[in-house]
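Per the numbering used here, residue 210 is the first one in the sequence shown, and the count goes up by one each step.
By construction, the Cβ of each residue, glycine as well, lies at the ideal position given by its N, Cα and C atoms.
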Amino acid sequence: MFLSSLMAIAAVLIMGVISPGPSFIYVARNAVARSRVHGLVTALGTGAGAAIFSIMAMMGLQKVLTAVPEMFIGLKVAGGLYLLWLGYKIYRGAAQPMDFAAGGMAAEHSLLKTFRDGLYTQLSNPKTALVFASIFTALLPERIPLAFYYIVPLMSFLIDVSWYSLVALVLSSARPRSVYLRMKRKIDIVTATVLGALGLRLIATSLSK
Numbered sequence: 210m211f212l213s214s215l216m217a218i219a220a221v222l223i224m225g226v227i228s229p230g231p232s233f234i235y236v237a238r239n240a241v242a243r244s245r246v247h248g249l250v251t252a253l254g255t256g257a258g259a260a261i262f263s264i265m266a267m268m269g270l271q272k273v274l275t276a277v278p279e280m281f282i283g284l285k286v287a288g289g290l291y292l293l294w295l296g297y298k299i300y301r302g303a304a305q306p307m308d309f310a311a312g313g314m315a316a317e318h319s320l321l322k323t324f325r326d327g328l329y330t331q332l333s334n335p336k337t338a339l340v341f342a343s344i345f346t347a348l349l350p351e352r353i354p355l356a357f358y359y360i361v362p363l364m365s366f367l368i369d370v371s372w373y374s375l376v377a378l379v380l381s382s383a384r385p386r387s388v389y390l391r392m393k394r395k396i397d398i399v400t401a402t403v404l405g406a407l408g409l410r411l412i413a414t415s416l417s418k
C-alpha cells in the first residue's frame with residue numbers, strides 16, 4: 210500500500226514537472242546562454258524548491274493558506290513581482306553580445322547566484338505548494354509513515370533535478386548554443402516577455418479574488 214502511494218505520487222510529479230513553466234524557461238536559458246554547468250546548477254536550485262514545497266505541503270500548508278487567504282495572496286503577488294524582475298533583467302541584457310570563449314555571461318554569474326535564482330524561480334509560484342498538497346492529500350495513506358516525511362521530499366527533489374538536468378544537458382550542446390548566438394536578442398526578448406507575462410498573470414489572478 211505504501212509503495213503504491215509513492216509510485217502514484219511519483220507518476221503525478223513527473224507529469225507535472227515536464228509541463229513547461231518559469232522553471233523550464235530559466236533552466237533552458239541558463240544552459241544555452243551561460244554554460245552546461247550553470248544549467249545543471251539551476252536544476253539543483255529548482256529541485257531544492259520542489260523539496261521545500263513538498264515539505265511545506267506535508268506539514269499542512271494548505272490548511273494555513275485556506276485559513277489565512279491574505280497570506281496566499283501576498284505570496285502570489287511576491288512571486289509575480291519576482292518573475293517580472295527576472296524578465297526585466299533578461300530584457301535589459303538582450304542587446305548585449307557575449308563571448309563564450311572568454312567566459313561571457315558565465316563568468317559574470319556565480320554558481321551560488323545561479324542556484325539561488327533557480328530556487329527563487331521555483332518558489333515564485335506558491336500555487337505549486339497547493340498542487341503538492343492536493344496531490345499528497347489524495348494519494349498519501351491516511352496514516353503517513355514517518356519515513357514518508359523524508360522519502361517524499363527527496364523524491365520530489367530527484368524528479369525535478371533529473372528532468373531539468375536533462376533539459377540542461379540537451380540545450381547546452383553546440384547546435385542549440387549556435388542558434389542562440391545567432392538569435393540572442395530575439396530569444397532573450399521572447400524569454401523576458403513570457404516570464405513577465407507569467408508574473409503579471411500571477412499578480413492579476415491573486416488580486417482578482
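Given residue i, which residues of its chain have a CB within under 6 Å of its CB, disregarding the five upstream and five downstream residues?
i: S263; result: F341, V361, P362, S365
i: V286; result: I412, S415
i: A260; result: P362, S365, F366
i: L348; result: S214, A217, I218
i: F309; result: Low local confidence applies: a pLDDT of 49 at F309 is under 50, so the model's placement there is unreliable, with the coordinate-based value given in what follows. Within the same chain, F309 has no close Cβ partners at all.
i: T330; result: P231, S232, Y235
i: R397; result: The identity of residue 397 in the sequence shown is Asp, whereas the question assumes Arg. I299, A303.
i: G408; result: G289, L292, L293
i: L355; result: none
Excluding five sequence neighbours on each side, which residues of the same chain lie with their C-beta closer than 7 Å to the C-beta of residue i?
i: I368; result: A219, L222, I223, V226
i: A237; result: V376, L380
i: I344; result: I218, V221
i: T337; result: F262
Is it the case that the Cβ atoms of residue i and residue j are separated by a distance below 7 Å?
i: G258; j: A377; result: no
i: G288; j: S333; result: yes
i: S214; j: P350; result: yes
i: S250; j: F324; result: Looking at the sequence provided, one finds Val at residue 250 rather than Ser. Their beta carbons are under 7 Å apart, which means V250 touches F324 by this criterion.
i: V246; j: R386; result: no
i: G405; j: L293; result: yes
When the Cα of residue i is compared with those of the options, which residue comes out closest?
i: G327; options: I353, A303, G408, V370; result: V370
i: F357; options: N239, S244, A266, L320; result: A266
i: T255; options: N239, A406, P354; result: N239
i: L321; options: A252, L339, G405; result: A252
i: S429; options: I398, S228, R243; result: The chain is shown from 210 up to 418; residue 429 falls before or after that span and cannot be answered.
i: R212; options: R410, I353, M392; result: The residue you asked about is not Arg; residue 212 is Leu in the sequence shown. The shortest Cα separation from L212 among R410, I353, M392 belongs to I353.
i: A401; options: Y359, V277, L295; result: L295
i: L339; options: V403, P278, Y359; result: P278
For residue i, count neighbouring Cβ atoms within 10 angstroms of its own Cβ and tell me buried if that reaches 16, exposed if not.
i: S417; result: exposed
i: S374; result: buried
i: S228; result: exposed
i: T346; result: exposed
So, at 8 Å on beta carbons, what are the nonlocal neighbours of residue i in its own chain, with the 5 sequence-adjacent residues on each side left out?
i: R394; result: A303, A304
i: P335; result: L274, F281, L284, K285, G288
i: Y359; result: none
- Message: Counting beta carbon pairs with one atom in the segment 214-225 and one in the segment 292-300, are three or more of them shorter than 8 Å?
- Response: no
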